[in-house]
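Residue numbers (numbering that gives the first Met the number 0), protein chains in the order written: chain A, 0 to 477; chain B, 0 to 180; chain C, 0 to 643; chain D, 0 to 104. Written below as structure tokens is the structure these notes are about.
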Amino acid sequence: MNIDFSLLITEISLAILGLTVFTLGLILPAKSSQKGLGTFSLCGLLVILALTIASWGNQGETLGGMYLADYFTSFFKILSLTALILVILGSKNYVNSQIENHLEYYSTLIFATLGMIIMFSAGDFITLYLGLELMTISFIVLTSFRRTNGKSLEAGMKYLLLAGLSSAVLLYGLSLVYGAAGTVFIKEIAGNIAQGYFNPLLIVGLAMLIAGFGFKISAAPFHMWAPDVYEGAPTPVTAFLAVGSKAASFAVLIRVFLGAFLEMQEQWTMLIAFLAALSMLIGNLTAFAQTNIKRMLAFSSIAQAGYILVGLVAANEAGIKGVMFYSFIYVFATIGAFTVVSEVYNKTGSDDIADYAGLSQRAPLAAVVLLISMLSMAGIPPLAGFTGKYYLFITVVQDYLWLVYLGLILSMVSVYYYLRVVLVMFRDEPADPAPLKLGSTASLTLWLTLAATLFLGIYPWPLAKLANTVAIAFLAGL
Amino acid sequence: MKQLQGCADMENSLELIAFFLLAGSLLTGALMVVTLKNLVNSVLSLIVVFFSLAGIFILLNADFLAAVQVLVYAGGVCIMLVFGVMLVQRKDMRESNPVNRRFLIAAPLTGALFLLIGLVAAKSPWVKEAGEVPENTIEHLAPILLRDYVIPFEAVAILLTVALTGVLLLVKEVKDNGRSS
Amino acid sequence: MIEFALNYAWLVPLLPVLSFLTIVFLTRPWARLSSAVAIGAMLGSFLLASSLAWGVFTNPAFIEEPLHYSLRWLGMEGFTVNAGILIDPASAMMLFMVSLVALLVQIYSTGYMKGDPHYSLFFAYLSLFAASMLGLVISSNLLQMFIFWELVGLCSYLLIGFYTYKVSAREAAKKAFITTRIGDFGMLLGILFLQIQFNTLDLLELAAVIPNFAQLGVSLGLLTLIAILFFLGPVAKSGQFPLHVWLPDAMEGPTPVSALIHAATMVVAGVYLVGRMLFLFVEVPGSLTVVAFIGAFTALFAATIAVTQREIKRILAYSTVSQLGYMMLALGVGSLSASLFHLWTHAFFKALMFLAAGSVLHALHNKADVWEMGGLIRKMPITGWTFVVGGLAIAGIPPFAGFWSKDEILLVTWEYARHGHALGYLFFAFAALTAFLTAFYIWRLIFLVFFGPEKANDHVHESPLSMTLPLLVLAVLSGVAGLIGTPWTNLWSTWIHFGDAHSGEPAYLLMLLSVVLALAGIGLAFILYCKDQDKQAARSLAKKYPALYNLSYRKYYIDEAYTWFTRKIVDGGAKVIYLFDIYLVDGVVNGLAALTKGSGQGLKYLQTGKLQTYALIFFLAVLVLTVAFNLDSANALAHLGGVK
Amino acid sequence: MAGALNPSYFVVLSAALFTIGIYGALSKKNAIAVLISIELMLGAVNINLVAFNKYFTPEAFSGQIFAIFVITVAAVEVGLGLALIIALCRRRNTTALDDLDWLKW
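Structure (structure tokens):
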């Protein structure tokens, strides 16, 4: 069993980068020189992103099917690296002023991404589980990073215990599936089920898998951790948690449910549809009552998870395409919004929506980006979110029309609470009219996310086509 | 032939007895863990649970795993827990592990879950019969672990690094001005 | 340059977009800089468009094989929308015309709008309008075209209501927007039907499949419905009866806007669109007759109104409506060539007259009643004489531009009648009568405003060069633009035609008739309004036939009828609906809103902050999920379990 | 080998241990006790894994290897959890989970 190292370029270089950042941080003595770590990681990540894009066509599997490299993994690798780059770029100000341990911060972020990437490529449950845990443990550390802040620690504690519980449930499910299907390899499970290896325990295992992954993607009713952790965590971490962790778990969800359990599709699609509906309902309705913008965005992200789950209900190539497309555009809208939030927090020390009064006068760019990002999340044409929702919902028009109606109604409802923030920003007079100066890297991030959201809304075809190709290749490779 | 059969029967019933003994001590220990009011006692019962688990692993021909279980859990985790308890629990230890009101819902909930999984498990048809696990598992495990599962293995290595940095970060002393030493 | 222009035709609309963005985001505080940016971009766009047009008209290949390129815009399985560019002689002509008029109007506006507090914004809007209009012209796809169609409507709305402090301007803007919306709704339905039935919205593809509609299982009735629905859009946009009411009111906007949008470009978009979709209309003969009838009727109807109006811009507005009716009539009798020819000449002479009228209003400080003007030609020679050129052109005096195009329309209508369409004679009569009336009302205006005794005694003087220069350019064009379509050198119809190229013999008799009609109109106007110093005859005529006069002056009471309709019927109905709305619908809606909010407030408290409550809910969900799953799968289980 | 035991025994045993763990996690006030309960649940998972390994994939050792990793991760979780509890105890002066309600609603 030889290892084909060419398939592992991203993983190996990411691990090396993480360890280098770690070592550099230990060697470099002065606090001031530590500030260069962010730039260093950024450069390294850009190189890795380029490498990953360059090895797009490099497909195959290694270690006897335990580790896969296909278009699907490449797509999500690019997604998570893009997200990480944007997060680091957007949060330099915040990190410099709010976080003191740069070496741990950057290396842990990189290792979390490594965990995600291992998850995408896992061909068996063991690799999958370890990737997942690497990601989760890294996020726990990151969530409690502002250890002088009681809220941050509380969020960390909540995330640790709840994630631990959900991991245990997920593991129990994995172990039952292993027992019922006789193997830990995703592909072989599909084969064995097709041959009639069928055991009622498989059903129990499947339910637990849904619960475990549902926790990670913060789908209702497994979402309860999300608002608290999102609020307590340092804002850039929240952004990455909302984007990266969610996208990674969706990728794995697709890999496992379509890769292993396509045969049993009719049993789980209905349940997924209910989860999607519940997430949309709870996410959108609870978001109404929030006064803290991070909590509001957390509930909105629960709703978004519901929308994305719709693509999984369809369980066909259009559905996968929808999930991939939406996950990608969601990166830009979310990071744009959270970058604004972290910049505002950095200057005003508050996350209350009321303190966004007059932001349009104090920092027009930030206000516009928040506006566009939220309208995109609400699915207003011609922004990217509209196209994404269109691709998702169109897949279930045939079989789950009620889900489409629910989604549309709740999207309209969501406009209300998004616009509330917009009203505060654009209509209300600021308490302190002094201009709020954004950091240069943060402005760059905002421009990038803004451009991406607008571009992908107006001209979605290249990304849609790419996602389509990947989805077709994915289904063909099953 | 008949004698051989008897021998097998003998072995089977021994196996059965061992299983029930271990299962009994395991579950008793576990119940004590969650019901005892003294946290130190809970941690001590946890050691019982871990040893019983190791016994079950041996019954399932997983001797290396049993050794790991004893070393890591009984040796490492439990001592860590005891230290933890000592560090944070300064008041009366006898009432250190109270139960909250949620047990009223939690008890029927977990009971139902157990019944459900147990019933399904008891009724499951098993496709394969038990195979023969090779003796001396460590010899077989080592190459598999380090060759086939090299990626998870490396992932665990990094995981430990992350966790270690996290732990160090969290428990570092904090000066009065809010800056770390 | 030509090669470049052909390959980068999308730059033509893009340049004004860029100038719009630049003005809005960067140069807005600096008025002169903003107008320079707008004019610079427009000039670039015009140069590109003219070299493009040159390329198209010098290369006969384009007549049969339009230049078409597109890229996939959005889509999914079974539904693809391509955004693209379609260049054929018709769109090349439009590009040239639109960019030229827009350029001239922008130059003119630097004088006309001088000192306006929203000067920069005005140029931004003009740029956006030009961009949308140019985009509409080159769209290769109906959906894409519809987006631009709406965008020009939006710009029109913004520009009509540009003087936001005037209530009438705001009202007019609303009226325009809502009236055109009625048509757009029909048009959108038509587009949807086309997509559903033919599965494409690409113009070239539609042109290829629609003739085979019967094989595709589309009934004639449905196709007729599609055509009529589709026609509603142009009816509203091009001010055809009965949706013409917004166009005269739209004159509340600044005069350059009236010239650009409500005379030369946007209002002809409807004609252009019907021309583009003629392949649809010819398949349904009934719909063509409707088009022709509406066109002919509108032409005559608007002309009779224009005869008695007093406000200078209103006369011109009704004249525009009437001329648009001419163009529709030409389309209705099946001649794309004549229709677009008239569109082309009309753009120049009507823009000229509007701009000249603007110059007059500028000098008179917005006194608009023609009866209070007189003898202005001595004070404002350039404005006056260019207006006279425009008047000659629209009246149809050879060799001015309007003569050739109007003659062409009369000719095709006559031939249409002769080929067995009995209604054709009626159309012809309408058209001929309109020609007479047109000459009459325009010259009535000219005699009242520019000749006769001077009335305005304040300091009237000629407008600055920035305003007279475009007048001169347009006057020249009004003189010569028709020469490319004379019956002897009929270049026009070899370039732009639908079906076989029309190559009729010059019909001298018809030419004579139209000249006679025009001269008769001018002569009558001269007798009534110039020779007769006191205008006694005109007044007594109005006194003698008060019913007729009032009917015309009050625009056939159409506005009143609409007002009555909206007041009594709609408002009455609305009152009922209002009560219904307030108590029932609002109750339900507010109830729902309250419910949503309330449920949000309630759900919020689920989030107790207690970690173990979250865990409890998590495990409850796990239990429920497992049970549901087991129940759900019981059958599958029995089925699959049996295989073992 | 037709032993007296079949996987069902082990699954039922692990289900019992698992649900006891859940009960503990839900009903104990103390954070450390909840951490311990999670360890019980992971132990239950390991019983399943090792049992299935014996019965289904004795040669490939998938289950045992999985279990080794689970043990490692579980130990990591305990370590990190204790560190967090100590940090929280310093900041907020409590180990009772119900006191952690700054983040709510």
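Positions of the beta carbon are idealized from the N, C-alpha and C atoms, including for glycine. Model, not experiment: these values are computed from the prediction.
request  = Go through the region 26–105 of chain C residue by residue and report every complete run of the alpha helix (DSSP H) that reaches 4 residues or more, in order.
outcome  = Runs found: 30–57, 60–63.
ask   = Does residue 285(A) get closer than 7 Å to chain C when you measure Cβ to Cβ?
value = Closer than 7 Å to some Cβ of chain C, the Cβ of residue 285(A) qualifies, so yes.
query = Tell me the DSSP bridge mates of residue 123(A)?
reply = According to DSSP, residue 123(A) bridges with 184(A).
request  = Pull up the distance between the alpha-carbon of residue 159(B) and that of residue 74(D), whole angstroms please.
outcome  = The straight-line gap from Cα to Cα measures roughly 10 Å.
inquiry  = Give me the chain B residues within the contact set of residue 625(C), using Cβ-Cβ distance strictly less than 7 Å, ordered along the chain.
reply    = Think of a sphere of 7 Å around the beta carbon of residue 625(C): the chain B residues whose beta carbon falls inside it are 115, in chain order.
key: Cβ-based neighbour list, residue 97(B), same chain, cut-off 8 Å, excluding 5 preceding and 5 following   = The residues are 36.
key: 7 Å Cβ cutoff, residue 497(C) in contact with chain A   = Judged by the 7 Å Cβ criterion, residue 497(C) is not in contact with chain A.
Those runs of the alpha helix (DSSP H) which lie wholly inside the region 329–380 of chain C and span at least 4 residues = Every unbroken stretch of the alpha helix (DSSP H) spanning 4 or more residues and falling wholly within the region 329–380 of chain C is given here in chain order: 335–362, 375–378.
task = Mind reading off the beta-carbon distance from residue 253(A) to residue 339(A)? Whole number of angstroms is fine, and I expect it under 8 Å.
result = Wrong, their Cβ atoms sit about 31 Å apart, outside the cutoff.
ask   = Under a CB-based cut-off of 7 Å, is residue 198(A) close to chain B?
value = Cβ-Cβ to chain B under 7 Å: yes for residue 198(A).
ask   = With a cut-off of 7 Å, does the C-beta of residue 23(D) fall near any C-beta of chain A?
value = At a cut-off of 7 Å between beta carbons, residue 23(D) makes no contact with chain A.
task = Tell me, please, whether the region 223–238 of chain C touches the region 266–285 of chain C by the rule of three or more beta-carbon pairs shorter than 8 Å.
result = The region 223–238 of chain C and the region 266–285 of chain C touch, with no fewer than 3 CB-CB distances between them shorter than 8 Å.
request  = Please work out which residues of its chain come closer than 6 Å, Cβ to Cβ, to residue 175(B), disregarding the five sequence neighbours upstream and downstream, and give them in chain order.
outcome  = Bear in mind that a pLDDT of 46 at residue 175(B), under 50, signals an unreliable position, so the model cannot answer this.
Of the listed residues 66(A), 162(A), 51(A), nearest to residue 75(A) (C-alpha basis) = Ranking 66(A), 162(A), 51(A) by Cα distance to residue 75(A) puts 51(A) first.
query = Who are residue 59(A)'s beta bridge partners in DSSP?
reply = BP columns for residue 59(A) point to 68(A).
query = Between which two residues does the alpha helix (DSSP H) harbouring residue 460(A) extend?
reply = For residue 460(A), the uninterrupted alpha helix (DSSP H) segment begins and ends at 460–475.
ask   = Would you report the Cα separation of residue 630(C) and residue 264(A), rounded to the nearest angstrom?
value = So the two alpha carbons sit approximately 15 Å from each other.
query = Could you give the distance in angstroms between the alpha-carbon of residue 349(A) and the alpha-carbon of residue 134(A)?
reply = Near 29 Å, if we compare the C-alpha coordinates of residue 134(A) and residue 349(A).
Per-residue burial, residue 308(C) [other beta carbons within 10 Å of its own, 16 or more giving buried] = By the neighbour-count rule (16 or more Cβ atoms within 10 Å), residue 308(C) is buried.
query = Buried or exposed: where does residue 298(A) fall if 16 or more other Cβ atoms within 10 Å of its Cβ makes it buried?
reply = Residue 298(A) is buried by the Cβ-count criterion.
ask   = So residue 37(D) is in the alpha helix (DSSP H); what residue range does that whole segment cover?
value = Counting along the chain, the alpha helix (DSSP H) containing residue 37(D) begins and ends at 30–54.
N-terminal and C-terminal residue of the alpha helix (DSSP H) that residue 62(B) is part of = The continuous alpha helix (DSSP H) containing residue 62(B) extends over residues 62–67.
query = Whose C-beta lies closer than 6 Å to the C-beta of residue 98(C) among residues of the same chain, with five residues either side of it excluded?
reply = Counting only Cβ-Cβ distances below 6 Å, and skipping sequence neighbours, we find 44, 45, 48.
query = Apart from the five residues just before and just after residue 4(A), which ones in its own chain have a Cβ nearer than 8 Å to its Cβ?
reply = For residue 4(A), where only same-chain residues beyond five positions count, the Cβ hits under 8 Å are 11.
query = Under the DSSP definition of a beta bridge, which residues are partnered with residue 201(C)?
reply = By DSSP's assignment, residue 201(C) forms a beta bridge with 140(C).
task = Measure the Cβ-Cβ separation of residue 24(B) and residue 32(B) and say whether it is below 7 Å.
result = No, the pair does not count as a contact, with Cβ atoms beyond the cut-off.
Beta carbon of residue 435(A) nearer than 7 Å to that of residue 366(A) = One thing to note: residue 435(A) has its Cβ no nearer than 7 Å to the Cβ of residue 366(A).
query = Got a sec: is the Cβ-Cβ distance from residue 60(A) to anything in chain B below 7 Å?
reply = No, no contact with chain B.
message = By the 7 Å beta-carbon criterion, what residues does the region 603–618 of chain C contribute toward chain D?
response = Only those residues of the region 603–618 of chain C whose C-beta falls short of 7 Å from the nearest C-beta of chain D are listed: 603, 604, 606, 607, 608, 609, 610, 611, 614, 615, 618.
inquiry  = Rounded to the nearest angstrom, what separates residue 484(A) and residue 129(A) at their Cα positions?
reply    = With chain A covering 0 to 477 only, the question about residue 484(A) has no answer from this structure.
request  = Quick one: give me the first and last residue of the alpha helix (DSSP H) that residue 397(A) is part of.
outcome  = Premise fails: residue 397(A) is in no alpha helix (DSSP H) and is neither H nor E.
key: Anticipated Cβ contact below 8 Å, residue 117(A) with residue 162(B), distance rounded   = Contact flag wrong, Cβ pair sits at about 16 Å.
ask   = How many Å lie between residue 21(A) and residue 153(A) at the Cα?
value = About 26 Å.
ask   = Which chain G residues sit within Cβ distance under 9 Å of residue 177(A)?
value = Going by chain labels, chain G is absent from the structure shown, which instead holds the protein chains A, B, C and D.
ask   = Helix or strand or just coil, what does DSSP make of residue 98(B)?
value = It is a strand residue.
query = Does the distance from the CB of residue 450(A) to the CB of residue 342(A) come in under 7 Å?
reply = No, these two residues do not count as a Cβ contact at 7 Å.
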